[in-house]
Amino acid sequence: MHARKHNLRAPLLLFIVILFAVLIAGGGIFYVQNKAYISQSFQKASSPPFSADHLLIKVLLKEGEFAEEQFRIMNIVDREQQITLSYDGLEGFVSVDSPEFSLMPGQTKVVKVSFRSADKEKGIEQQPGVYIGNLAVKSGEYSQEIPLIAEIESANVLFDTNLNPVSLDRKIEQGKDFVVEVRLFNLQSIDAENVEMRYVVKDLHGNTLITEQETAVVKTQASFFKTISLPKNLPPGSYVFGAETRLGNSVGTSSYVFEVVDPNERSGAPGFLAFCRRDSLCSGLSIAVVVLLLAIALYFYFFLWAFLYVKVAKTFPRREQERKG
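Take the sequence shown: its letter number 184 is residue 218 in the numbering used here, and every next letter is one higher.
Structure representation (structure tokens):
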């Protein structure tokens, strides 16, 4: 019996070594594939080195107009911070006056963000619509994204639009529908008009994810509900719902920011656990860890049993000999 258990130790040790090597290789692949998620989770757990007084920068422009917004960045740690700013999704008509600067502890920097719906020197004009991007504020490994929304309307707007989301907290679960109350106001006529409505959902990089279109009949004003279905695989994060009201050359715009959340996280399940359930590699590595722990426990069980057996045999040699006889 003792010899049989002793013979199992060598292959069990080899199995543990192989399983450990598989975990190291699989863990490396998992880190490469999910580096962005791990970095984001680490940022949520760590304290930010700076604070920005704007969570959103939004402007409304007419064709050919220029607008400028300001926000403040403050160093809230006890060491000097190197701040870099970069924007994505609004290339061509957005610029910042200070893309790089340093802040001593307690210092605040006022940053100007300029929006230009037309560049006369290059002969470029942005068509009316809802344009989305983001401004990344980075210091070291920490980064914060500030959504940028530029609504460009035609010079003459015949209809104004108000969007009122039904969900008060503006948080929508993946794969669910969200409902928006759309209110239209006729600004220049009392005659009934067939107005073209265009809806769009974009991420903060300016990528268009959903587009829909319909016609609404408006006299002086109209109100109706619009339902948008979100894909189940839409990653959690911030998105923008935009609406365009078109009649002839008139284009009016309206938009608002909403957040897509994981239903498991919203119900209180740990974020990484919910993520791991969806990722096959993560699930496989988790099972491998459990098997490894069991194998190590079994190995030490055999080792401890053999150790005690030898100790007992040395302590009671006569009884051992009699048992053999």
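C-beta atoms are modelled at their ideal positions from N, C-alpha and C, and glycine is treated no differently.
Per-residue DSSP class, three states only, for residue i
i: asparagine 298; result: helix
i: proline 45; result: helix
i: glycine 61; result: helix
i: serine 173; result: strand
i: isoleucine 206; result: strand
i: leucine 327; result: helix
i: phenylalanine 259; result: strand
i: leucine 238; result: coil
i: valine 51; result: helix
i: alanine 189; result: coil
i: isoleucine 224; result: coil
i: phenylalanine 334; result: helix
i: serine 201; result: coil
i: alanine 303; result: Confidence is the limiting factor: at alanine 303 the pLDDT is only 47, short of 50, which leaves the residue's position unreliable and the question unanswerable from this model.
i: leucine 319; result: helix
i: valine 147; result: strand
i: serine 288; result: strand
i: valine 56; result: helix
i: serine 132; result: coil
i: serine 272; result: strand
i: serine 81; result: coil
Sequence-distant residues of the same chain with beta carbon closer than 8 Å to residue i, five excluded per side
i: valine 229; result: Phe193, Leu218, Thr249, Ala250, Val251, Val252, Thr279, Arg280, Leu281
i: serine 284; result: Ser188, Asn190, Val191, Leu192, Phe193
i: glycine 98; result: Ser151, Ala152, Glu159, Ala189
i: leucine 119; result: Val130, Ser132, Pro133, Glu134, Val145, Leu169, Ala170, Val171, Lys172
i: phenylalanine 100; result: Ser148, Phe149, Arg150, Ser151
i: phenylalanine 258; result: Glu215, Val216, Ala250
i: alanine 226; result: Val251, Val252, Lys253
i: glycine 61; result: Leu319
i: lysine 154; result: none
i: alanine 55; result: none
i: lysine 266; result: Gln208, Gly209
Nearest-angstrom beta carbon gap, residue j and residue i [assumed within contact, 8 Å]
i: tyrosine 6; j: proline 199; result: Nothing can be reported for residue 6: it is not among the residues displayed for the chain, which extend from 35 to 359.
i: valine 361; j: valine 130; result: This structure leaves residue 361 out entirely; the chain is present only between 35 and 359.
i: valine 294; j: leucine 264; result: 6 Å
i: tyrosine 233; j: lysine 260; result: 6 Å
i: phenylalanine 292; j: phenylalanine 212; result: 7 Å
Cut-off 7 Å between Cβ atoms - residues of its own chain near residue i, not counting five sequence neighbours on either side
i: glutamine 160; result: Phe127, Ser151, Ala152, Ile186
i: glutamine 115; result: Pro83, Phe84, Asn109, Ser136, Leu137, Ser173
i: alanine 303; result: Any reading at alanine 303 needs caution, since the residue's pLDDT is 47, under 50, leaving its predicted position unreliable; the model's value is listed next. No residues qualify anywhere along the chain.
i: leucine 53; result: Ala322, Val325, Leu326, Ala329
i: aspartate 87; result: Phe105, Arg106
i: serine 201; result: Phe212
CA nearest to the CA of residue i, picked from the options
i: isoleucine 262; options: Lys210, Leu202, Ser85, Lys205; result: Lys210
i: methionine 231; options: Leu202, Asn196, Glu102; result: Asn196
i: glycine 167; options: Ser314, Asn298, Lys92, Phe258; result: Lys92
i: glutamate 103; options: Val235, Asp225, Leu89; result: Leu89
i: serine 223; options: Thr254, Ile63, Leu243; result: Thr254
i: leucine 221; options: Val235, Ala256, Ser201, Ile244; result: Ala256
i: phenylalanine 275; options: Thr245, Lys266, Ile117; result: Thr245
i: asparagine 298; options: Asp225, Ile180, Glu207; result: Glu207
i: valine 235; options: Ser314, Cys316, Gly271, Phe258; result: Gly271
i: aspartate 112; options: Ser81, Leu95, Lys96; result: Ser81
i: lysine 143; options: Leu182, Val56, Ile117, Lys156; result: Ile117
Sequence-distant residues of its chain with Cβ nearer than 6 Å to residue i (five each side left out)
i: proline 162; result: Ile186, Glu187, Ser188, Val285
i: alanine 184; result: Val93, Phe149, Tyr165
i: serine 288; result: Thr195, Leu197, Ala277
i: glutamine 247; result: Arg232
i: serine 177; result: Ala170
i: leucine 268; result: Gln208, Val294
i: leucine 95; result: Ala101, Ser151, Ile186
i: leucine 243; result: Val235
task: Answer yes if the stretch 207–217 comes into contact with the stretch 121–139, meaning at least three C-beta pairs across the two stretches below 8 Å, and no otherwise.
output: no
query: Does the stretch 221–240 come close enough to the stretch 316–334 that 3 or more CB-CB pairs lie under 8 Å?
result: no
- prompt: Is the stretch 47–58 in contact with the stretch 133–150, if contact means three or more CB pairs nearer than 8 Å?
  reply: no
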